[in-house]
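Participant: Sequence order for the protein chains is A and B. Our numbering applies: residue 543 is where the first sequence begins, and numbers increase by one. Our numbering applies: residue 543 is where the second sequence begins, and numbers increase by one.
Protein chains: 2
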Amino acid sequence: MVLTEKQKELVEQFGVLNEKYGLPPAECRVWGLFLVADKVELTFDEIMETLNLSKGGTSNALKRLQMTNHIDYITKLGDKKRYFRCKLNNWTQMTKENFEKFDELNIILKKILRNRNSKTTSFNNDLKEVTEFLDFIYNEMLLAINKWEAKN
Amino acid sequence: MVLTEKQKELVEQFGVLNEKYGLPPAECRVWGLFLVADKVELTFDEIMETLNLSKGGTSNALKRLQMTNHIDYITKLGDKKRYFRCKLNNWTQMTKENFEKFDELNIILKKILRNRNSKTTSFNNDLKEVTEFLDFIYNEMLLAINKWEAKN
DNA sequence: TTTTTAGTTCACAATAAAATGAACTAGTTT
DNA sequence: AAACTAGTTCATTTTATTGTGAACTAAAAA
Numbered sequence: 543m544v545l546t547e548k549q550k551e552l553v554e555q556f557g558v559l560n561e562k563y564g565l566p567p568a569e570c571r572v573w574g575l576f577l578v579a580d581k582v583e584l585t586f587d588e589i590m591e592t593l594n595l596s597k598g599g600t601s602n603a604l605k606r607l608q609m610t611n612h613i614d615y616i617t618k619l620g621d622k623k624r625y626f627r628c629k630l631n632n633w634t635q636m637t638k639e640n641f642e643k644f645d646e647l648n649i650i651l652k653k654i655l656r657n658r659n660s661k662t663t664s665f666n667n668d669l670k671e672v673t674e675f676l677d678f679i680y681n682e683m684l685l686a687i688n689k690w691e692a693k694n
Numbered sequence: 543m544v545l546t547e548k549q550k551e552l553v554e555q556f557g558v559l560n561e562k563y564g565l566p567p568a569e570c571r572v573w574g575l576f577l578v579a580d581k582v583e584l585t586f587d588e589i590m591e592t593l594n595l596s597k598g599g600t601s602n603a604l605k606r607l608q609m610t611n612h613i614d615y616i617t618k619l620g621d622k623k624r625y626f627r628c629k630l631n632n633w634t635q636m637t638k639e640n641f642e643k644f645d646e647l648n649i650i651l652k653k654i655l656r657n658r659n660s661k662t663t664s665f666n667n668d669l670k671e672v673t674e675f676l677d678f679i680y681n682e683m684l685l686a687i688n689k690w691e692a693k694n
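This is the structure in structure tokens:
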């Protein structure tokens with residue numbers, strides 16, 4: 543499979559952004575490839591050759607993308623190859639999970655607040671307000687996702 | 543400054559969580575220390591000694607936390623030392639910036655969508671729906687933050 | 001039953017990120 | 001001006017993360 547310059551550029555842009563969130567470069571590129579490719583089903587070798595990855599690297603990236611639910615694969619009768627596909631119907635779920643992680647921080651902040659020395663009143667009040675803000679936002683997020691799901 | 547076991551535990555928990563978001567361990571611990579400490583103003587040496595960090599490491603962590611607007615410092619007349627403090631009044635701003643980053647991904651997805659081969663109709667429609675969902679959530683987020691700011 | 005195909009695993013190499021601490025700067029005190 | 005204090009910088013080391021490719025497994029074809 544040959545990518546246009548534009549496709550390559552988009553794979554890299556998508557990659558760089560996701561690397562900022564801690565994904566390994568190879569995994570970002572594979573995910574990006576699925577998003578820009580002219581077809582929907584990609585084989586192991588196509589991915590490996592198009593992105594110039596090693597076998598191990600390709601295998602690892604695909605494994606991780608499956609574990610994180612970004613891709614899956616189908617098989618075809620009388621054909622040993624796997625046909626990998628990008629899943630796009632899981633973004634509300636993914637986003638929800640993102641907000642759960644956001645909430646985890648708040649959970650720790652609340653624990654910290656409960657254990658603080660009561661003498662630092664002003665700081666404690668400010669921290670309390672932060673946790674209330676985060677509670678509020680988290681809740682609004684869940685409402686927003688519900689609203690979207692009701693509409694669609 | 544001596545931390546209780548509970549305080550140490552909270553620093554580590556806060557640290558591990560933030561490391562997941564890509565912050566260096568030392569920086570996470572310094573930030574955490576500010577959150578659990580029994581006092582609000584901490585000096586360079588207190589931080590360094592309490593967390594067993596090197597001078598360079600401490601300096602670097604403090605620099606980064608200042609750049610990201612999590613801490614600042616005050617000085618006192620006839621005293622060369624800096625008194626570092628954790629800022630808690632910037633969380634709505636921080637949260638807003640987080641959502642901007644979230645929106646960056648959507649911006650790339652929209653670019654990708656515009657460049658896709660029109661033959662993969664179903665995939666393209668799914669991708670379009672993802673971008674619409676992300677648009678919707680981003681917008682709801684901004685509304686939620688405004689709502690909070692109006693209330694407070 | 002040998003060979004080919006499709007992919008995984010894993011020891012190792014390459015690269016990148018973080019921490020260390022000695023040498024430095026710049027302000028203070030003596 | 002010498003000595004001290006508070007913190008920064010930066011070359012080096014330490015540690016952790018990624019990627020590589022050869023050896024492997026397991027299924028299918030010859």
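We treat Cβ as the ideally placed atom computed from N, Cα and C, and that holds for glycine.
1) Using 7 Å as the threshold, is the C-beta distance between K638(B) and I679(B) below it?
2) Taking only three categories from DSSP, how would you classify R624(B)?
3) Would you call the region 648 to 657 of chain A and the region 665 to 675 of chain A in contact, with 3 or more CB pairs under 8 Å?
4) From Q608(B), R571(B) and P566(B), pick the residue whose C-alpha is nearest to that of E695(B); which is it?
5) So, L584(A) versus F626(A), is the Cβ gap smaller than 7 Å?
6) Report yes or no: is there a C-beta of chain A within less than 7 Å of the C-beta of W690(B)?
7) Return the residues of the region 552 to 575 of chain A that lie within a Cβ-Cβ distance of less than 7 Å from chain B, sorted by chain order.
8) Please list the terminal residues of the continuous alpha helix (DSSP H) segment that includes D668(B).
9) Is there a C-beta anywhere in chain A that falls below 7 Å from the one on D580(B)?
10) Distance check for G574(A) and C628(A), CA to CA, integer angstroms please.
11) Give me whichever residues DSSP pairs with D614(B) in a beta bridge.
12) Specify the secondary structure class of L584(B) as computed by DSSP and reduced to three states.
13) Note down, in chain order, all residues in the region 633 to 655 of chain B with a beta-carbon under 7 Å from any beta-carbon belonging to chain A.
Facilitator: Considering the structure as presented:
1) no
2) strand
3) yes
4) As shown, chain B starts at 543 and ends at 694. That puts residue 695(B) outside it, with no answer to give.
5) yes
6) For W690(B), at least one C-beta of chain A is nearer than 7 Å to its own C-beta.
7) L552, Q555, F556, L559 and G564
8) T663 to K693
9) yes
10) Taking the straight line joining both Cα atoms gives about 10 Å.
11) R627(B)
12) strand
13) W633, T634, T637, E646, L647, I650, K653 and I654
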